[in-house]
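Asker: Just so we're aligned, residue 417 is where the sequence shown starts under our numbering, counting upward by one. Just so it is clear, CB atoms sit at the ideal spot from N, CA and C, and this is done for glycine as well.
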Amino acid sequence: MHFQFDPARWLRHLFAPIDPWLWGILISILGGGFIVMLSASPERLNAHLINLAAALIVMVVVAHTRMQRLHSLALPLYVVGVLLLVAVELFGETSKGATRWLNIGIARIQPSELMKIAMPLMLAWYFQKREGSLKVRDFLVATALLAIPVGLIAKQPDLGTALLVVGAGVFVIFFAGLSWKLIVPVTVLGVSAIVAVIIYQGPICEHGVEWPGLREYQKHRVCTLLDPSSDPLGKGFHTIQSTIAVGSGGVTGKGWREGTQAHLDFLPERHTDFILAVLSEEFGLLGVIALLVLYAMLIARSLAIAANAPNLFARLLAGAITMTFFTYAFVNMGMVSGILPVVGVPLPFVSYGGTALVTLCLGVGMLMSISRNRRHGRRQ
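Have a look at this one:
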């Protein structure tokens, strides 16, 4: 049999599951981020291009994956993720005071990143199984499933990743129908705790005062957020320099590659956690607004896919992935602007970093798979 390769047909098959709106928005954000990366850290250009290529390949592969396959992978991925986190606790490698990595011989991996996707998958799978007969105990079981990996991640310690995994899990539980009677008391308690910390920051931030559940450096981050000048050359340095960069950009910015905070090495981590400060200094308020509009479009399109998903599993998964994008952006922007403590969360699709970029594009691929499944369902 003679085989004839048809490039046009192959390309149509390759891009068939690609949601055009989602793809256009994603490319716009990645393109803008690439321009900022060229200014922030040109020496990392080749590595960033490799990360982009790997992330987009993962996105396309996942977009071609059927929802039934994603459904069947939920439980195994969760179990493997938890076992890897336990392995990190027992045999993990320590760097800069944190035990987050596991050496598997051919590579060093960070299993906590897997839980950003495995957690919403698992909870969506669980609630799909319980659909039509949900009771309070089901939400308690879901909370326990969430608490196990979050506790292991927080113990490493990795507060930023723990917050993202908590967010992904809580969004699934909320979308599954958690009663407002349970949400309101927790919200009131959280707000009250924040207000209490602000009011009594003087005595509780003194040296030697322990905060339950937090390590000393985490407490110090919160305290320097409330008063960066208390440690201007230490924990408060990041916040002070990033807010200076954001403010100095004005409305239109200083121009591409003209930012003094970044290029005179005042701004730390300018290619990762604080890349938004580079964008703000060089492109000003208008550049930040343009990025916010693109994020809003990404979230709106993703929510539309979630709303039209064919079943509960797909709706919960799509909704959680969408709100994870929001959480990434909100926490990073809060860090850079000085309204949230520095917890090491990158700016989605913009910051340098292969693991986070691959994880985020994997989420986009899942959204495209859900969208494709809906389109195929309509044709049948």
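(1) Go to E529, then tell me how far its alpha helix (DSSP H) extends in each direction, as first and last residue.
(2) Roughly how many angstroms lie between the CA atoms of A772 and E697, to the nearest whole one?
(3) What does the alpha-carbon distance come out to for the pair M531 and G508?
(4) Can you give the Cα-Cα distance for V600 and L493, rounded to whole angstroms?
(5) Please report whether the beta-carbon of I564 lies at a distance below 9 Å from any beta-carbon of chain C.
(6) If I measure Cβ to Cβ from L446 and keep anything under 6 Å in the same chain, skipping five residues before and after, which residues do I get?
(7) In whole angstroms, what separates the C-alpha of F587 from that of A736?
(8) Cutting at 6 Å between CB atoms, please list the residues of its own chain near G779, excluding the five before and the five after it.
(9) Leaving out five residues before and five after V474 in sequence, what residues of the same chain have Cβ atoms less than 6 Å from its Cβ?
(10) Where does Q484 land, buried or exposed, given buried means 16+ other C-beta within 10 angstroms?
(11) Tell me whether the segment 660-672 and the segment 691-706 touch, counting them as touching only if at least three CB pairs, one residue from each stretch, are closer than 8 Å.
(12) Looking at A706 and S455, is the spacing between their C-beta atoms short of 9 Å?
(13) CA-CA distance, I434 and L732?
(14) Given a cut-off of 9 Å on the beta-carbon distance, is the pair L491 and M538 in contact?
(15) Rounded to whole angstroms, what's the CA-CA distance from L486 to T559? Just pull it up for me.
(16) So, under 8 Å CB-CB, D574 and R516 are touching, yes? Tell me the CB distance rounded to an integer number of Å.
(17) Distance check for T603 and K597, CA to CA, integer angstroms please.
(18) Report yes if the CB atom of I441 is closer than 9 Å to the CB atom of L710, and no otherwise.
(19) Can you list, in chain order, the stretches of the beta strand (DSSP E) that have 3 or more residues and sit fully within the segment 437-512?
(20) For P409, does the count of other Cβ atoms within 10 angstroms reach 16, so buried, or fall short, so exposed?
(21) Can you find the residues in the same chain that come closer than 8 Å, C-beta to C-beta, to R795, ignoring five residues on each side of it along the sequence?
(22) Closest by CA to F590, which one among G606, V607, M749 and M739?
Answerer: So, from the data block:
(1) As a first step, residue 529 is located in the sequence shown; it is residue number 113 there, counting from the start. Element bounds for E529: S528 to K545.
(2) Position 356 of the sequence shown, counted from the start, is the residue given in the question as residue 772. Position 281 of the sequence shown, counted from the start, is the residue given in the question as residue 697. Their Cα atoms are separated by approximately 24 Å.
(3) The residue given as residue 531 occupies position 115 in the sequence shown. The residue given as residue 508 occupies position 92 in the sequence shown. Going by the C-alpha atoms only, they are around 17 Å apart.
(4) In the sequence shown, the residue the question calls residue 600 occupies position 184. In the sequence shown, the residue the question calls residue 493 occupies position 77. Taking the straight line from one Cα to the other gives about 32 Å.
(5) Although the question refers to chain C, the structure presented lacks it and comprises just one protein chain.
(6) What you label residue 446 is simply residue 30 of the sequence shown in a count that begins at 1. Once the five neighbours on either side are set aside, the close Cβ partners of L446 are F765.
(7) Here residue 587 is taken as the residue at index 171 of the sequence shown, counted from 1. Here residue 736 is taken as the residue at index 320 of the sequence shown, counted from 1. Cα to Cα, F587 sits roughly 5 Å from A736.
(8) On the sequence shown, position 363 is the one that residue 779 refers to. I737.
(9) Residue numbering aside, residue 474 sits at position 58 when the sequence shown is read from its first letter. Excluding positions up to five away in sequence, the list reads V774, C777 and L778.
(10) The residue you call residue 484 lines up with position 68 of the sequence shown. Its Cβ having fewer than 16 others within 10 Å, Q484 is exposed.
(11) yes
(12) By 1-based counting over the sequence shown, the position of residue 455 is 39. By 1-based counting over the sequence shown, the position of residue 706 is 290. No, these two residues do not count as a Cβ contact at 9 Å.
(13) Working through the sequence shown from its first residue, we reach residue 434 at position 18. Working through the sequence shown from its first residue, we reach residue 732 at position 316. Cα-Cα distance, rounded: 20 Å.
(14) For the purposes of this step, residue 491 is identified with residue 75 of the sequence shown, where counting begins at 1. For the purposes of this step, residue 538 is identified with residue 122 of the sequence shown, where counting begins at 1. Yes, these two residues count as a Cβ contact at 9 Å.
(15) Translated into the one-based positions of the sequence shown, residue 486 becomes position 70. Translated into the one-based positions of the sequence shown, residue 559 becomes position 143. Taking the straight line from one Cα to the other gives about 22 Å.
(16) Along the sequence shown, one-based indexing puts residue 574 at 158. Along the sequence shown, one-based indexing puts residue 516 at 100. D574 to R516, Cβ: 5 Å. Contact.
(17) Taking the sequence shown and counting its residues from 1, one reaches residue 597 at position 181. Taking the sequence shown and counting its residues from 1, one reaches residue 603 at position 187. In a straight line, the C-alpha of K597 is about 11 Å away from that of T603.
(18) Working through the sequence shown from its first residue, we reach residue 441 at position 25. Working through the sequence shown from its first residue, we reach residue 710 at position 294. Against a cut-off of 9 Å, the Cβ pair of L710 and I441 comes out as a contact.
(19) For the segment 437-512, whole beta strand (DSSP E) runs of length 3 or above, ordered along the chain, are 509-511.
(20) In this structure the chain extends from 417 to 796, so residue 409 is not present and cannot be described.
(21) Taking the first residue of the sequence shown as 1, we reach residue 795 at position 379. Any reading at R795 must be qualified, since the residue scores a pLDDT of 45, below 50, and its modelled position is unreliable; the value itself is stated next. Excluding positions up to five away in sequence, the list is empty.
(22) Numbered from its first residue, the sequence shown carries residue 590 at position 174. Selection G606, V607, M749 and M739 evaluated against F590 yields M739 as nearest (Cα-Cα).
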